[in-house]
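Accompanying notes for the structure given below.
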Amino acid sequence: MRVLGIESSCDETGVAIYDSNQGLMGEELYSQVELHARYGGVVPELASRDHIRKVLPLIDKVLRACPTHEDRPPVDAVAYTAGPGLVGALLVGSSLARSLAFGWGVPSIGVHHMEGHLLSPMLAEEMPGFPFVALLVSGGHTLLVDVKAHGQYTVLGQSLDDAVGEAFDKTAKLMGLPYPGGPELAKLAEQGDATRFDFPRPMLKKPGLDFSFSGLKTSVLLAWQASDQSAQVRTDIAASFQQAVVDTLTVKVKRALKATGHSVVMVAGGVGANKQLRAQLDVACKSVGARACFPPMRLCTDNGAMIAYAGWLRLQRDGLNASYDEPVRARWSLEELR
Ligand code: KG4
Ligand code: ZN
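Each residue of the sequence shown is one higher than the last, beginning at 518 in the working numbering.
As structure tokens, this is what we get:
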């Protein structure tokens, strides 16, 4: 079975084809980073308009790269991100996906963006199967999820305020780093002294698995304002901030592994590309006899491959006749999925 996946929930247009026998057949990604950079953040209306411009040419490109039969539709189904995300941006992907599916006479499947992230490590070879703990860390979400099986998700903990990626982006912005701040701040942190500023590790003293990052952000702001704002201070704050975040995530992951009894944590979402997080979680999990799995870097941030794959898994489970034509939603809990 071959599934075309379309991702358009935020500022990346991602398109890919997943084939159940051959794996990923083609992937295209267009990032709108430059478009939004001058505004310091994603402008929803501009994002929607840009998805319109980019999505069809990208689909055309992946289809051309795949051998097809003239007398058959090029794919067996079309999967699209139905939410959560920016409604206008989601509508672009879903309208096109449903139109193409209608024209080709194949089903369309609305995919939950976070389920796409959560399953994305399984696109890589030699990944363990269910059950596992998922740590989903993106610009919009910070979630610890007990994944018992495909579609059986229990949210163990989440951020009560800013998402981790958002905290990275806002911290970067307040120190004058260019948009998108997260990766820039992480790059800077590699050269900094992570012990120079003793930032709080939020919520660690309390039991439970929820997160809160707004207090940490305020501590950074106060430290930055009280400093001489030199390049060295910026670098050391970046390193100290990153270390506080990574320490917090590491402790919570260990708690989640203990609470569920699972021995694997799958890390996904944009912040999953953070090198320090990858290295530290790897060591911490090994120390408790568990394993941390990460998708390849290119699959950490938003992409079409995870949507094609998540769509394929649902069709494989329920059959091509199942109806998954979801309306788009800005908000959508993972626990509502089956
Ligand atoms: O999953 P994603 O591509 O989009 C959302 O669904 O939000 O995640 C984007 C987020 C942004 O906040 C970005 O700053 C952050 O992931 N990010 C990073 C790194 N790369 C991307 N944060 C920390 N370190 C990185 N290397
Ligand atoms: Zn995402």
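For glycine and all other residues, C-beta sits at the position ideal for the given N, C-alpha and C.
Residue i: buried (16+ other C-beta within 10 angstroms of its C-beta) or exposed?
i, result
"F728", "buried"
"M823", "buried"
"M720", "buried"
"G828", "buried"
"G557", "exposed"
"E921", "For residue 921 there is no data in the structure shown, the boundaries of the chain being 518 and 855."
"F811", "buried"
"F685", "buried"
"P624", "buried"
"G682", "buried"
"H634", "buried"
"Q746", "exposed"
Is any non-hydrogen atom of the ligand KG4 found closer than 6 Å to the C-beta of residue i, if you look at the structure I gave you?
i, result
"D727", "no"
"T712", "no"
"S655", "yes"
"N791", "yes"
"T765", "no"
"A703", "yes"
"G693", "no"
"G557", "no"
May I have the straight-line CA-CA distance separating residue i from residue j, to the nearest angstrom?
i, j, result
"F856", "L673", "Because the chain here runs from 518 to 855, residue 856 falls outside it and cannot be looked at."
"Y841", "L552", "33 Å"
"A599", "S744", "45 Å"
"K578", "R831", "25 Å"
"C527", "A756", "28 Å"
"G543", "A785", "21 Å"
"A761", "Q742", "19 Å"
"L738", "H658", "22 Å"
"L563", "G806", "47 Å"
"R555", "P695", "9 Å"
"Q793", "I534", "31 Å"
"P835", "T735", "The displayed chain sequence assigns Asp, not Pro, to residue 835. Their Cα atoms are separated by approximately 47 Å."
"R795", "E587", "45 Å"
Residues in its own chain within less than 7 Å of residue i by CB, not counting five upstream and five downstream?
i, result
"V604", "V845, A847"
"T777", "V650, D663"
"V628", "A596, Y597, T598, A599, I824, A827, G828"
So for residue i, helix, strand or coil by DSSP?
i, result
"H634", "helix"
"K690", "helix"
"Y556", "coil"
"R519", "strand"
"S548", "strand"
"L640", "helix"
"Q669", "strand"
"C527", "coil"
"G786", "coil"
"Q708", "coil"
"R589", "coil"
"S757", "helix"
"V737", "helix"
"L721", "coil"
"V650", "strand"
"S747", "coil"
"H629", "strand"
"F811", "coil"
Starting from the C-beta of residue i, find all residues in its chain whose C-beta is less than 6 Å away, skip the five residues before and the five after it, and write them out in chain order.
i, result
"R855", "G668"
"P584", "none"
"I576", "V532"
"A689", "G698, E701, L702"
"M783", "P638, F649, A651, C810"
"Q539", "none"
"V752", "Residue 752 is actually Thr in this sequence, not Val. Only L705, Q708, G709 meet the Cβ criterion."
"A666", "F647"
Less than 6 Å separating the Cβ of residue i from some heavy atom of the ligand ZN?
i, result
"S676", "no"
"D686", "no"
"D482", "There is simply no residue 482 to check, as the chain begins at 518 and stops at 855 in what is shown."
"D819", "yes"
Within the same chain, show all residues whose beta-carbon is closer than 8 Å to that of residue i, passing over the 5 residues directly before and after it, in chain order.
i, result
"E852", "Y670, T671, V672"
"W621", "P590, P591, V592, V595"
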